Amino acid sequence: MRPERPLPPPPPSQQTEEAAAGAPGMDAPTKLPDPVPSPILRHSSANSMRRSRSLRSLMADSPSVTFATNNLRSGSKAESTASSLESFRFHRDRSASGTPAGLGRVSTRRSASERASSQRDLHDEDARFVYINDAERTNAPPAGLPDNSIHTTKYTVLTFLPRNLYEQFHRVAYLYFLVLVALNMVPQLGVLSPAASVLPLAFVLGVTAVKDAYEDWRRHRSDKNENNRTASVLVGGVFVPKCWKEVQAGEVLRVVANETLPCDMVLLSTSDPTGVAYVQTINLDGESNLKTRYAKQETMPTPAEALAGVIKCERPNRNIYGFLATVDLDGRRAVSLGPSNIVLRGCEIKNTAWAIGVAVYTGRDTKVMLNSSGAPSKRSRLETHMNREVIMLAVVLFLLCAIVSLLAGIWLGHHSDELGVIPFFGKRDFSDKDDPDATYNWYGMGAEVAFTFMKSVITFQVMIPIALYISMEIVRVGQAFFMVQDKHMFDDKRQAKFQCRALNINEDLGQIKYVFSDKTGTLTENRMEFRCASVHGADFSDTAGSGGADDGHSVIGEDGVVLRPKTAVKTDPKLVALLKDGAGANADRARDFFLTLATCNTIVPIAVDDAAAAAAADPDPAAVTARLLEYQGESPDEQALVYAAAAYGYTLVERTSGHITVDVFGSRQRYDVLGLHEFDSDRKRMSVIIGCPDKSVKLFVKGADSSMFGVIDKTVNSDVVQSTEKHLHSYSSLGLRTLVIGMRELSQEEFQEWQMAYEKASTALLGRGNQLRNVAANIETNLHLLGATGIDDKLQDGVPEAIEKLREAGIKVWVLTGDKQETAISIGYSCKLLTRDMTQIVINSRSRDSCRKSLEDAIAMVNKYQSFSTDPQLRVPLALIIDGNSLVYIFDTDWEEKLFEIAIACDVVLCCRVAPLQKAGIVDLIKKRTSDMTLAIGDGANDVSMIQMADVGIGISGQEGRQAVMASDFAMGQFRFLVPLLLVHGHWNYQRMAYMILYNFYRNATFVFVLFWYVLYTGFTLTTAITEWSSVLYSVIYTAVPTIVVAILDKDLSRRTLLKYPQLYGPGQREENYNLRLFIFIMIDSVWQSLACFFIPYLAYRKSVIDGSSLGDLWTLSVVILVNIHLAMDVIRWNWITHVAIWGSIAATWICVVIIDSIPIMPGFWAIYKVMGTGLFWALLLVVTVVGMIPHFAAKAFSEYFIPSDIQIAREMKSQDFHDVTRPEVQMSTVSRA
Amino acid sequence: MSLPASESDSLASRRSKKPKYSKFTQQELPACKPLLTPGIVIGAFSLIGVIFVPIGLASLAASQNIVELIDRYDAECVSANDKVGFIQDTKTDKACTRKITVPKPMKGPIHIYYQLENFYQNHRRYVKSRNDKQLLYKDAASTITNCEPEATSEDGGAPIVPCGLIAWSLFNDTYSFSLNKKAVEVNKKNIAWDSDKNKKFGSDVFPSNFQKGGLIGGAKLNEKIPLSEQEDLIVWMRTAALPTFRKLYGRIESDIMASDEITVVIQNNYNTYSFGGTKALVLSTTSWIGGRNNFIGVAYVAIGGICLFLAMGFVILYVIKPRALGDPNYLSWNKENPDHPN
């Protein structure tokens, strides 16, 4: 919905020639251009049609310039043009500099190649031939086109197991465990029983496989539903219902209103005589406004069943905004088809009774299927850092194994003579009496040492925590659940829930250092509101007097139905009076002004039922009997202008292919649309040529001030021009988006001259876009200035407060916008990004040299201020304001380093007029040079590259379609939700996940060390007193649940405290919860606890009758109790779930041990019962726990009291002052409401 | 203002989109947030100290009351230089007489243990070399998995019951006690766990082919007695956790007076000489603490002492460097610029 996007074409008037021939007053031009690209076209694609190329490649070239670039807000969405991906080319303000846009440089090969490809012909070898009404021929070999069934499932019953396993084993850790399982299967190395060795890996794989299978089953079910829907297909001259899956390319389909398209089809005819069909593409790109599609006039007259011909179209591709084809009917000349002639699978036909088309892409070839890809997968920083510790653990593991095998070698060497007779070794095989040297299971010293090493790897394998990986996944799902459920992040207005699209980076939210924000739609609502008008030199901005819904609001009766514009606009009574009763030039100008607003646009008025309106938007119970007039269009600015015109009495009520009906203060007037020059980013204006009821022909133009003042005749009414310029300046200082309105009455000669040129241009085969642009530029001259408009793009709720909070939290907020500098600065002030005490460094260069100079000046300035800044009290906050032009030079050369230096010294960075790729470039500037985490937030297609570049990408699910959301990791409704997301959930997620990883390392290491100490007392032969089942269950059942529960539910601080003291976000940025120091501490603790756990029972039971199983049970229980108590000691919030998890785990362990010892066939039968009957067992359990925990407890008590962290103090504060709780709540609510 | 039905419906449906508020989903479950306040820290350490010291003293006392006599006899009972040769010679008389003086009165039952040192009953090759099915089920006599190298007899390959190294190496020294020239009866019943006798060793499984091979590992078994009653075997087969271990040999039910001299005649059959192990005979009374072992008592007293010491240390620290809990002035950002409280 951006002004700079190609505007929907005027309903092609050439069709009026046939359908509405002889319309009164219509000297209908015979050939108007084919419908030009529809609004849905957003990406210029390599395959886009030639006719749409002109526009879109232009926009690609100069994406930062828009419809109204010089207006305050207009540029905001400039970035979001088609070109988001390929443009790195910058445009210089032509009207200002007087030079052509040649300064831009093609910096990516893509844009160049795109131009080339958009002009290329469709070669036969790249083409697909679809024979209309002849599915057999179309699908005949060698074409081999797929049918229309879709299969989104990944697996079938047969391929599920191999394929799922193959995918899962992409994780290196799993391969490690698989190798160990395989090693364990070698008889000589069999440490664990096969079942026990497979179990952990099988468990982990199984859980994931079940999850995958369930998801796939659901996909399968929805596929089945989808495939069995029915469509009406032309068979033997009649339309018969047919399953979707049976539809074939080449078949002709009929779709009625509100039906969904089963495949991509080229429109042949529609219920509308001009061939228009309205489609809703919400399933495709999430945009809810209607788009217009056209059937070719060549195909319109022929009944569908009589139609024959061949469509030559490009091969299936995923560009939903491009389509390139020609249709050849009965061997006549080929007619070209473009993106506006195809409707895609998943779209819905609206406001059109029926549409008939021919299927060109079916099943998996449809664009929606080709585009269905999952969310991007990223790895969190914590997980990346974790690898370092995993490697360290691997080294420790290697050392342990090396020690064991070395000692085993020494022991064997010592006893080498006796091995044959040592009863517990049994080297001699006594079963073989023939061979006195026969040995049992003995392969020589070297082999024994090697085997011992491998066996010890198998025994100590859990040093690398296998369960950690799956625990992390479970925890992230849990954390995501709570983020999604959080009522503080639910957007009431849009009914939008928070979405977690990437499940891998929850914890990154707690470490963000830089926030890169888009402006329009992110900081602002992107809901335009007409605020003031300057008409013929007079400012009408006093709307204070009006307000009520009826005030100045036209209500029109048509066939007895009352139509009321959906949105009320406040009006200036003086202006209303002038329009109604005024006379003279001023009043005429004012009337033309609003006529321009009502006509010079591409808005489609649609009457909607109130109930529907209530469901769709703001309910207005007063208007039950009336119908609401809704203006469908893609540019919010245009909508705002048309609603404003309606409020001032010029209500657009009907738009058909050839004319517009405007209700002027109750009388309906019909205006013929003779031509329309849609917006392009070079001209930065659009114009319509209107045949008025009084037979005069008028040209209405609206556009950016920079472009408009170049074409306005300044000789007449120079005072009006001056005062309008003054008004424009004051509007933009208020942060309004401005547009300048102009008009000219065309003489008959002028009109005919234009008409011929227009016709010639629009039928041109080559360079049609250029020619059309020239025609437009030729006619748009010597305009009379009518006035200017100021449109308000309101700040979203709570944006200033949110920015304030983020800054307090030590997060640097950078705003990257396509707006011009003044707009950006004024928004900067209004959202408290900029403050009055800041020193602004402005880099705004027109040339390479001046850019270098300003950079050097800026560095000098930064250094000067930094030399003052030894005392933080005297530090002057700096703000850097830089524009896209300068960035071109900077990124072009090696001055990036300088820019970085300046930028990080500044408190605020504001980049204006930046192109989408530059946004990504700026994110990259920080990412490359610092290790700080970056977050990008935006709502439009122009933010996609930035969102993908940043460590964390957030999409605002707003008015701008869903591309940003599709590319994002998280999506939410409002900018202010960043505060709870980062400061609360991010903080929690990071803290919990960091603790969980450390704890998992510690927990498994403790267990391994206990095993290791015992191995030293078994002749280094890797016997474990702990039963193998307990070692297998240890990380799966005994200790897994509490850490997961704690990682999902524990909160170190309450939401209130975190919001009250944003500085508490700092620990995450400084990586205080997960670092090498903490890892070493917890590993030391782990060694200590394993020593306590092993040696206290060892010393107590030395020289006693204790058997292996009993001692093993004691060790199992004590190590489980130790690690669970350790966790319990670190839990901050104890709710009943935590209690159940922790104490339940200990109980579960006990139960498992008892069960294992109740199986007679197990060697340890009944041991637990026996050992529990002795007092010594209980005494040992108690003393082991206490000795193990004393260091941790003492260290914790000491550090929390004597070297407290901020978090600790905040915790204490919370429990100290209970009365204080209401105050932060109020604060929070101001954030959410303000 | 009353809403039309459709509208209130739509409102309802809209409401349903909003996440349902509950204490759980908002992570607001009632919770207890304990803090390590000085009181709790000092209290915890003191409590541990106060509990541990008495327990330690009590177990020390219990341990002290146990009378334990240990007599290592492996060296003295072999006169020959070639100890291995001596022990392996089946023809020599291996009887050996030891005299033990009782320092304190011992109340019955007095447990008789044999203690082996450096005997790795927990050696991996050893612990695995058994088959629990064969021990329990009569039909599983030929189930000899894991029993190598003592699975089948050398002649004919018949399965050995009980198979495996553990059973094969059954301890076979015997002791006969006499007090003041009067033989003392040794009760060898109920030395094994009841659970083992009932559930682990079959009452219908009889030894066969046992110790018939070229090298005799240890004791032979009476083939007439089912495994469930071969209590020495059952005790032996509950393998020890540590390389120095004791096993119950039997009990003397009567009391022994102080300064009595016990004469023990040992049949010194078991070969610990080939791998440098030691053998000892142990007589001990028991208490709740098990055998005589001061370690647990000392540990408890020491830990209790350390905790009391830590409690005191924390008291001193808290006194000399007190800090008001939850004072915002300690927040790092408040410390940096004290004039600008946030």
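Residue numbers (the numbering used here), protein chains in the order written: chain H, 1 to 1234; chain L, 1 to 342.
Built from N, CA and C at the ideal position, the CB exists for glycine as well.
Just so it is clear, the structure is predicted and the values come from calculations on it, not from any experiment.
Check, Outcome
"Integer Cβ distance of residue 469 of chain H from residue 171 of chain H, believed to fall under 8 Å", "7 Å"
"Three-pair Cβ contact test at 8 Å for the region 1065-1078 of chain H versus the region 985-999 of chain H", "yes"
"Residues from the region 1100-1116 of chain H in contact with chain L, defined by Cβ distance under 9 Å", "1100, 1101, 1102, 1103, 1104, 1105, 1106, 1107, 1108, 1109, 1110, 1111 and 1112"
"Runs of beta strand (DSSP E) wholly within the region 292-365 of chain H (minimum 3 residues, chain order)", "309-314, 325-328, 334-337, 348-350 and 354-361"
"Residues that residue 289 of chain L contacts on chain H, provided the C-beta gap is smaller than 7 Å", "1175 and 1176"
"Per-residue burial, residue 341 of chain H [other beta carbons within 10 Å of its own, 16 or more giving buried]", "buried"
"Residue 254 of chain L - DSSP class collapsed to helix/strand/coil", "coil"
"8 Å Cβ cut-off: residues of chain H touching residue 125 of chain L", "424, 425, 426, 441 and 1021"
"Three-way DSSP call (helix, strand, coil) for residue 109 of chain L in this model", "coil"
"Of the residues H:473, H:495 and H:593, the one placed nearest residue 644 of chain H, counting alpha carbons only", "H:593"
"Minimum Cβ-Cβ distance from residue 1063 of chain H to chain L less than 9 Å", "yes"
"Nearest candidate by alpha-carbon position, reference residue 963 of chain H, set H:946, H:845, H:400 and H:1021", "H:946"
"N-terminal and C-terminal residue of the beta strand (DSSP E) that residue 698 of chain H is part of", "697-703"
"Simplified DSSP state of residue 21 of chain L, which is helix, strand or coil", "coil"
"Stretch-stretch touch, CB-based, cutoff 8 Å, three pairs: the region 162-180 of chain L with the region 260-268 of chain L", "yes"
"Reduced DSSP category for residue 1002 of chain H - H, G, I as helix; E, B as strand; rest coil", "helix"
"Reference residue 677 of chain H; option with closest CA among H:667, H:688, H:668 and H:670", "H:688"
"Interface flag, residue 1040 of chain H vs chain L, CB-CB below 9 Å", "no"
"Assigned exposure category for residue 197 of chain H - 16 Cβ within 10 Å defines buried", "buried"
"Minimum Cβ-Cβ distance from residue 229 of chain L to chain H less than 9 Å", "no"
"Between the CA atoms of residue 659 of chain H and residue 303 of chain H - distance to the nearest angstrom", "27 Å"
"Any alpha helix (DSSP H) of 4 or more consecutive residues that is wholly inside the region 158-230 of chain L", "165-168"
"According to DSSP, residues forming a beta bridge with residue 816 of chain H", "H:911"
"Contact residues within the region 239-267 of chain L, judged by C-beta distance below 8 Å to chain H", "239, 240, 241, 242, 243, 244, 245, 246, 247 and 248"
"Any chain H beta carbon closer than 9 Å to residue 14 of chain L", "With a pLDDT of only 45 at residue 14 of chain L, under the threshold of 50, the placement of this residue in the model should not be trusted; the figure read from the coordinates follows. So yes, residue 14 of chain L belongs to the interface."
"Cutoff 9 Å: residue 1238 of chain H Cβ touching any chain L Cβ", "Within the shown structure, residues of chain H are numbered from 1 to 1234, placing residue 1238 of chain H beyond reach of any answer."
"At least three beta-carbon pairs within less than 8 Å, the region 193-212 of chain L to the region 292-302 of chain L", "no"
"Three-state secondary structure (DSSP) of residue 74 of chain H", "With a pLDDT of only 34 at residue 74 of chain H, under 50, the local geometry of the prediction cannot be trusted, and no value is derived from it."
"Residue range of the beta strand (DSSP E) that includes residue 878 of chain H", "878-883"
"Cβ of residue 1179 of chain H within 9 Å of any chain L Cβ", "yes"
"Contact residues within the region 1141-1165 of chain H, judged by C-beta distance below 8 Å to chain L", "1160, 1161, 1162, 1163 and 1165"
"Rounded separation between residue 729 of chain H and residue 789 of chain H - CA only", "12 Å"
"Test: residue 271 of chain L CB closer than 9 Å to a CB of chain H", "yes"
"Check whether residue 250 of chain H and residue 137 of chain H have beta carbons under 9 Å apart", "yes"
"Backbone CA spacing between residue 221 of chain L and residue 210 of chain L [nearest angstrom]", "7 Å"
"Cβ-Cβ separation, residue 1021 of chain H to residue 408 of chain H (assumed contact under 8 Å), whole Å", "7 Å"
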